[in-house]
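Protein chains: 2
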Amino acid sequence: MTIKEVCEKYNLKPDTLRYYERVGVIPEVTRTGGGIRDYQEEDIKWVEIAVCMRDAGVPIEMLIEYVKLFKQGDETFEARANLLKEARARIVEARKKYDTALERLDYKISRYELAMKTGVLTWE
Amino acid sequence: MTIKEVCEKYNLKPDTLRYYERVGVIPEVTRTGGGIRDYQEEDIKWVEIAVCMRDAGVPIEMLIEYVKLFKQGDETFEARANLLKEARARIVEARKKYDTALERLDYKISRYELAMKTGVLTWE
DNA sequence: ACTTGACTTGGAGTTTACTCTAAGGTGTAT
DNA sequence: ATACACCTTAGAGTAAACTCCAAGTCAAGT
């Protein structure tokens with residue numbers, strides 16, 4: 071799979087994928103004889119993880135750390151698990167804040183709906 | 071309430087609050103005769119909204135737009151409601167991605183827990 | 001009155017995560 | 001073999017959201 075195809079699949083720009091590889095968010099991608107990236111299933115799995123985690127706000131640095139540990143082999147199972155647990159905790163925290171904001175927005179929107187009928191905006 | 075006190079309350083830096091005011095994320099804050107910020111209840115409400123929305127990833131630009139509309143008065147109820155609805159939709163979308171990431175993390179973590187017992191890491 | 005610490009402004013600097021540019025190589029269809 | 005689109009790298013540039021700095025002002029305590 072070419073870089074373009076992978077980008078289309080995950081809605082990324084080629085520059086982003088090259089950047090991910092360069093800084094180590096994903097391991098080195100398989101290449102053709104001529105040096106052109108040819109993403110294998112394994113490579114695509116890594117892209118998928120990266121995209122999924124980035125979409126949940128996991129910082130680049132954390133993903134780089136994970137790939138680093140992965141490359142060090144089986145000695146790092148625990149370290150990797152801990153890293154994932156930390157990422158998990160962060161996402162749970164962020165999600166709580168999203169819920170708070172949603173509640174607040176729902177209340178405000180309902181007040182505006184009312185105000186659009188009565189002409190008067192009131193709180194609480 | 072001084073800028074420092076408000077910052078302590080919401081875990082912000084004074085520079086952040088001044089920045090919010092400067093770019094219009096919150097309206098102008100009440101000042102003492104000497105020109106020093108003295109946050110009133112009303113001012114603090116705005117800070118609270120800003121923090122809450124920022125924590126949910128609502129961009130600065132959107133908050134600025136909201137304050138702009140607010141300043142224009144009662145003609146903008148609908149526009150404000152629409153803005154809030156858009157913010158809401160974005161947060162809902164982002165939250166979905168957080169849920170996906172959490173599922174994925176839970177699966178991975180469980181696999182690592184297993185691997186730490188068996189010594190072998192396997193997927194699916 | 002004077003020290004001390006917190007406040008003010010305008011503007012420059014930083015961080016994170018891309019995103020673009022220039023100069024050149026690859027590969028496939030005519 | 002010659003376009004042509006697409007690929008490569010190194011390195012520079014950008015956007016968003018702060019964050020810091022310098023130079024000066026304000027206010028509370030002694």
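In order, the protein sequences belong to chains D and X. The numbering used here puts the first residue of the first sequence at 71, with every later residue one more than the last. The numbering used here puts the first residue of the second sequence at 71, with every later residue one more than the last. Even for Gly, the Cβ is constructed at its ideal location relative to N, Cα and C.
Start and end residues, alpha helix (DSSP H) containing K167 of chain D | By 1-based counting over the first sequence, the position of residue 167 of chain D is 97. K167 of chain D -> alpha helix (DSSP H) spans 147-188.
| said: Buried or exposed, going by whether 16 or more other CB atoms sit within 10 Å of the CB of A120 of chain X? | reply: For this step, residue 120 of chain X is matched to residue 50 along the second sequence. A120 of chain X is buried by the Cβ-count criterion.
| message | Please tell me whether Y177 of chain X and F147 of chain D are closer than 7 Å, where the distance is taken between their beta carbons. | response | Counted from its first residue, the second sequence places residue 177 of chain X at position 107. Counted from its first residue, the first sequence places residue 147 of chain D at position 77. It is not a contact, given that the beta carbons lie outside the stated cut-off.
inquiry  = Just to confirm before moving on: does the CB-CB distance between D125 of chain D and K167 of chain X stay below 7 Å?
reply    = On the first sequence, residue 125 of chain D is found 55 positions in, with the first residue counted as 1. On the second sequence, residue 167 of chain X is found 97 positions in, with the first residue counted as 1. Cβ atoms of D125 of chain D and K167 of chain X: closer than 7 Å.
Kindly say whether I161 of chain D, judged by its beta-carbon, lies nearer than 7 Å to any beta-carbon of chain X. In the first sequence, counting from the first residue as 1, residue 161 of chain D sits at position 91. I161 of chain D counts as touching chain X.
- Query: What does L191 of chain X touch in chain D if you count any residue whose Cβ is under 8 Å from its own?
  - Reply: Taking the second sequence and counting its residues from 1, one reaches residue 191 of chain X at position 121. Under the 8 Å cutoff, chain D gives D144, F147.
inquiry  = 7 Å is my cut-off, CB to CB: does Y168 of chain X come that close to chain D?
reply    = Mapped onto the second sequence, residue 168 of chain X falls at position 98. At least one chain D Cβ lies under 7 Å of Y168 of chain X.
_Alpha carbon of E111 of chain X to alpha carbon of A185 of chain X, nearest angstrom_ = For this step, residue 111 of chain X is matched to residue 41 along the second sequence. For this step, residue 185 of chain X is matched to residue 115 along the second sequence. Those two C-alpha atoms are separated by around 54 Å.
Exposed unless 16 or more other CB atoms sit within 10 angstroms - verdict on I73 of chain D
As a working note, residue 73 of chain D is residue 3 in the first sequence. I73 of chain D should be labelled buried.
Using beta carbons (cut-off 7 Å, strictly below), is M186 of chain X in contact with chain D? Working through the second sequence from its first residue, we reach residue 186 of chain X at position 116. Yes, contact with chain D.
- Could you tell me the distance, in whole angstroms, from the CA atom of R160 of chain D to the CA atom of D169 of chain D? Here residue 160 of chain D corresponds to residue number 90 of the first sequence, with the count starting at 1. Here residue 169 of chain D corresponds to residue number 99 of the first sequence, with the count starting at 1. So the two alpha carbons sit approximately 14 Å from each other.
Would you mind sorting I106 of chain X into buried or exposed? The rule is 16 or more other CB atoms within 10 Å of its CB.
Along the second sequence, read from residue 1 onward, the residue named residue 106 of chain X stands at position 36. When all chains shown are included, I106 of chain X counts as exposed.
Assign E91 of chain X to buried or exposed, taking buried as 16 or more other Cβ atoms, counted over all protein chains shown, within 10 Å of its Cβ. Stepping through the second sequence from its first residue, residue 91 of chain X is reached at position 21. Buried: at least 16 other Cβ atoms inside 10 Å.
Under 8 Å (Cβ pairs) to chain X, residues found in the segment 104-131 of chain D: I119, C122, M123, D125, A126, G127, V128
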